[in-house]
Amino acid sequence: MLQLNTANLYKVLQDFYTLTNIRIVIFDAEFRELLAYPRERERFCHMLRQTPEGEAGCYVSDKSGCLKCAKNRQPVIYKCHAGLTEAVAPIMDKDGVLAYVMFGQIILKENCEETRSNIKRRYPELAREADSIPVKSQRELSAAATVLQAITAYVMTNRWVVPNQSVFIREIDRYVEEHLSENITVRDICAAFRIGRTRLYELSADYLGCGLAEYIRRQRIVHAQRMLTVTDMSVTDIAFATGFADYNHFSRIFRQIAGMSAREYRKKQ
């Protein structure tokens, strides 16, 4: 649920690659790839991800690196499950991590032969692809990591990655509509949006103008009003269809929000 200045971000990623010849990627806070340059992965990584085990290993490596840099609030350099070196830095606002910028996957020049031999031993079917993995010195790696950190600061200063209020509200509305007759819990929404409870409450406070539970109640009443207008359903059936297990509770909430009873509302339409 981010708003990206895609054109400017892509230009920065492209410039980074031109300088370093290292692929660079932006992930969202749920570790989903948003932008990359080049778009295609290195041949070795592409082939490795074709197996379920390889894909799972890459995802766990990406997630682990991102979580570590989020905890430290600064870039980290680490080795992925295949033994390649990567670096990741957080893009943050006052509320926490919005996204991550990662570069890789490379082999360090100082132990190139050992690393390449280990990779070929573990993945003999990818021996040819292993020979094409970029090799960089420790000095080049450190310099690229410094540039990476500068990129994150530049991105935040120019607000090229920001939370998207309209997307968040639209997604909440869509979820409520799809689960209108159900008992919607915070846990359910967190699982659906793949965000933590704290982050969900922060977004709700920033963008909804009220608490999450109150917003969901209001949306249920909005749908109830529409049903009262365009259907012949009984008020009791509408109460159940909009997620109220108790008719009296529905009546109380409807009057509180609409300023009149459901039957009075229907008569006015």
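By the numbering used here, the letter at position 125 of the sequence shown is numbered 126, and the numbering carries on one by one without gaps.
Backbone N, C-alpha and C fix where the C-beta goes; we use that ideal spot for every residue, glycine too.
Taken atom to atom, the span from the alpha-carbon of residue 75 to that of residue 91 is near 7 Å.
For the pair residue 31 and residue 266, the Cα-to-Cα distance works out to about 43 Å.
Counting the other CB atoms within 10 Å of its CB gives residue 211 a total below 16, which places it among the exposed residues. Looking at the DSSP output, residue 76 sits in no beta bridge, so it has no partner there. The beta strand (DSSP E) runs lying completely inside the region 84–108 and spanning 3 residues or more are 86–94, given in chain order. Counting along the chain, residue 34 sits inside no alpha helix (DSSP H); it lies in the beta strand (DSSP E) bounded by residues 34–38. The Cβ neighbour count for residue 137, taken over all protein chains shown within 10 Å, is at least 16; the residue is labelled buried. Under the Cβ criterion (8 Å, minimum of three pairs), the region 192–210 does not count as touching the region 247–255.
Distances from the alpha-carbon of residue 97 to those of 162, 54, 59, 135 put 162 closest.
Annotation for residue 196: no beta strand (DSSP E) segment contains it, and DSSP assigns it neither H nor E.
A Cβ-Cβ distance of about 5 Å is found for the pair residue 108 and residue 134, placing them in contact under the 8 Å criterion. DSSP lists 162 as the beta-bridge partner residues of residue 5. Taking 8 Å as the cut-off, the Cβ atoms of residue 242 and residue 228 count as close. Three or more beta-carbon pairs separated by less than 8 Å are not found between the region 148–162 and the region 118–133, which leaves the two stretches without contact. Rounded to the nearest whole angstrom, the C-alpha separation of residue 191 and residue 4 is 20 Å. Taken atom to atom, the span from the alpha-carbon of residue 197 to that of residue 245 is near 26 Å. In the DSSP annotation of this structure, the continuous segment of the beta strand (DSSP E) that includes residue 29 starts and ends at 25–29. With contacts defined by Cβ atoms closer than 8 Å, residue 106 and residue 67 do not form a contacting pair. For residue 128, the enclosing alpha helix (DSSP H) has its first and last residue at 128–131. Straight across, the Cα-Cα distance linking residue 259 with residue 203 is about 27 Å. The beta carbon of residue 42 is closer than 8 Å to those of 24, 50 in its chain, skipping five residues each way along the sequence.
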